[in-house]
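Colleague: Heads up: the sequence shown is residues -4 to 261, going by this note's numbering. Even glycine gets a Cβ: it sits at the ideal position worked out from N, Cα and C.
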Amino acid sequence: MFHMAADTDSLLLTEDERPAARVFNPGGRAGVVLVCEHASRFIPAALGGLGLNEAGRRSHAAWDIGALDTARAMAEAMDAPLVHSCVSRLVYDCNRPPEAPDAMPARSERIVVPGNEGLTEAQRAQRVREVFVPFSALVEQTLDARADPPVLVTVHSFTPVYMGRPRAAQIGILHDTDSRLADAMLESAGRHTELRVARNDPYGPEDGVTYTLRRHGLPRGLLNVMIEVRNDLLRTPDDCAGMARLLAGWLEEAIAAAKEGGERKG
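#1: Return the chain-ordered list of same chain residues with a C-beta closer than 8 Å to the C-beta of D227, the five sequence neighbours on each side being excluded.
#2: Tell whether a beta-carbon distance below 9 Å holds between A253 and A179.
#3: Quick one: what does DSSP say G113 is sitting in, helix, strand or coil?
#4: With a CB to CB cut of under 6 Å and the five nearest residues on each side skipped, what residues in its chain are close to G61?
#5: Roughly how many whole angstroms lie between the Cα atoms of P161 and R215?
#6: According to DSSP, is A57 helix, strand or coil?
#7: Among residues of its own chain, excluding the 5 on either side of S54, which ones have a beta-carbon nearer than 6 Å to its beta-carbon?
#8: Decide if P232 is buried, meaning its Cβ has at least 16 other Cβ atoms within 10 Å, or exposed.
#9: Thinking just about the alpha-carbon of each residue, which of A177, M238, A41, G23 is nearest to the one in Q118?
#10: For C89, which three-state DSSP category applies?
#11: Nearest to N195 by CA position, among T188, H187, T172, is which residue?
#12: Less than 7 Å between C-beta atoms, sequence neighbours within five positions excluded: which residues of the same chain meet that for S83?
#13: F19 bridges to which residues according to DSSP?
#14: Could you check if P76 is buried or exposed, using at least 16 other CB atoms within 10 Å of its CB as the buried criterion?
Structure below.
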């Protein structure tokens, strides 16, 4: 049976393990802020690997494989800042609010996470305090630092098969109640790629996956979108770099179209 230290008086993340989130290319001049909530598979030593074996700690359950490399290359191509988590989503899923049951999941698909079973309120609060709060604050600070209201883009990856079922979509364009940028991307998809592109697939707002957009984009009235890429398209650094070039050019065209459409409506 897995046993995890229950002491919440000491810090979860040591000095060497902090910070819980970073900004890549903080001086980026583009009017876009990129966010990658599931960028890392790092689990603090205090959590004993959450009781997972090496395969579990390396699996997609722990992070979005290829998402950070893709997002970093997008940040370079667009000259945009990128806020990314430095802690596994199994410790805390930064794309979920603290009250969400899957913010600290005891099971991810078919993987049981022993270190997340039976968490006390104090243990949950510690993860919120040390992982979620710094991440969310860094997103806010990065948005606030833009001279003009930026575009918010979150970058994720997903598995080709989930619970034994193949997924047809290769790129998902996700949105919540504001679909302006998603609409523009979907309208122009055929000019940029022959890959299978779908709206709110493999997830949608009803699954809770648009939390970052709802928390940081909608209240500010920002153009926003969540991009999901099937991770068999992100196997190598070259794959990620090529996908980043595709997405960066596609986004830039869609942003211009969405802004022009907004001006026409205004």
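Modeller: Checking against the coordinates, here is how it stands:
#1: Counted from its first residue, the sequence shown places residue 227 at position 232. Only P155 meet the Cβ criterion.
#2: As a working note, residue 253 is residue 258 in the sequence shown. As a working note, residue 179 is residue 184 in the sequence shown. In this structure, A253 places its C-beta atom within 9 Å of the C-beta atom of A179.
#3: Numbered from its first residue, the sequence shown carries residue 113 at position 118. Correct three-state label for G113: coil.
#4: Reading the sequence shown from its first residue, position 66 is the one you call residue 61. Same-chain partners within the cutoff: S152, N226, L229, C235.
#5: The sequence position of residue 161 within the sequence shown is 166, counting from 1. The sequence position of residue 215 within the sequence shown is 220, counting from 1. So the two alpha carbons sit approximately 37 Å from each other.
#6: Here residue 57 refers to the residue found at position 62 when the sequence shown is read from its first residue. Here A57 sits in coil by DSSP.
#7: For the purposes of this step, residue 54 is taken as residue 59 along the sequence shown, with counting starting at 1. Correct list: empty, nothing qualifies.
#8: Position 237 of the sequence shown, counted from the start, is the residue given in the question as residue 232. Result: exposed.
#9: Looking up residue 118 in the sequence shown gives position 123. Here the closest residue by C-alpha is A41.
#10: Reading the sequence shown from its first residue, position 94 is the one you call residue 89. The answer is coil: DSSP assigns C89 none of H, G, I, E or B.
#11: Mapped onto the sequence shown, residue 195 falls at position 200. Cα-wise, what sits closest to N195 is T172.
#12: To locate residue 83, count along the sequence shown from 1; it is residue 88. Excluding sequence positions up to five before and after S83, its CB lies within less than 7 Å of the CB of S35, R36, F37, I38, A57, W58, all in the same chain and listed in chain order.
#13: As a first step, residue 19 must be located in the sequence shown, where it is residue number 24. BP columns for F19 point to L77.
#14: By 1-based counting over the sequence shown, the position of residue 76 is 81. By the 10 Å Cβ count, P76 comes out buried.
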